[in-house]
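Peer 1: Residue numbers (the numbering used here): 2 to 166.
Submitted below is the structure of interest, expressed as structure tokens.
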């Protein structure tokens with residue numbers, strides 16, 4: 002990961018923890034934290050809907066997309082986007098998020114189970130991450146090219162983990 006990703010993660014983690022906001026890393030960053038190799042474009046995470054107002058005042062200078070409901074690119078969710086020193090961060094509100102199946106166009110709820118987060122460390126920064134099986138499942142529904150890359154890598158990594166048990 003790049004230095005700007007590390008700086009953004011450090012800033013974000015400190016902000017979220019100072020405001021006592023529970024969060025979970027998802028998307029390509031989560032795949033990378035689980036051992037994937039794909040380059041990270043943005044930092045994706047979810048928070049509880051009721052926690053948005055705790056952090057919005059602190060991130061105001063970095064907001065590139067204000068908090069709103071979006072239905073785009075296979076997603077139906079509320080989120081806001083930040084640009085922190087050149088690093089894109091997308092913070093989704095966990096309640097009522099849906100993802101669209103690439104296969105048949107049907108919509109599926111994306112359940113974020115914060116209590117099931119797996120803690121992974123990147124350059125000394127410990128982060129709560131979506132469990133690998135949940136990540137594979139939601140990326141399998143979306144099935145974009147980047148998701149397919151992540152799924153292949155995650156399956157190889159997890160099947161390799163079982164060899165060492």
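Glycine residues also receive a C-beta, built at the ideal position from the N, C-alpha and C atoms.
As the structure is a computational prediction, the values presented were derived from the model and not from experiment.
Helix, strand or coil for residue 43? Go by DSSP, reduced to three states.
Peer 2: The answer is strand: DSSP assigns residue 43 an E or B state.
Peer 1: Since I believe residue 34 is in contact with residue 121 (beta carbons under 8 angstroms), could you give me their beta-carbon distance rounded to a whole number of angstroms?
Peer 2: About 4 angstroms separates the two Cβ atoms, so the contact holds.
Peer 1: Taking the alpha carbon of residue 24 as the reference point, which residue from 97, 118, 98 has its own alpha carbon closest?
Peer 2: Selected option, being the one with the closest Cα: 118.
Peer 1: So is residue 140 buried or exposed if we call it buried at 16+ other beta carbons inside 10 Å?
Peer 2: When all chains shown are included, residue 140 counts as buried.
Peer 1: Since residue 129 is in the beta strand (DSSP E), which residue starts that stretch and which ends it?
Peer 2: Segment 126-130, the beta strand (DSSP E) holding residue 129.
Peer 1: Identify the continuous beta strand (DSSP E) that holds residue 66 and give its terminal residues.
Peer 2: 64-73 is the extent of the beta strand (DSSP E) around residue 66.
Peer 1: Beta carbon of residue 100, beta carbon of residue 83: below 8 angstroms?
Peer 2: Against a cut-off of 8 angstroms, the Cβ pair of residue 83 and residue 100 comes out as no contact.
Peer 1: So residue 19 is in the alpha helix (DSSP H); what residue range does that whole segment cover?
Peer 2: Looking at the DSSP string, the run of the alpha helix (DSSP H) that includes residue 19 is 4-19.
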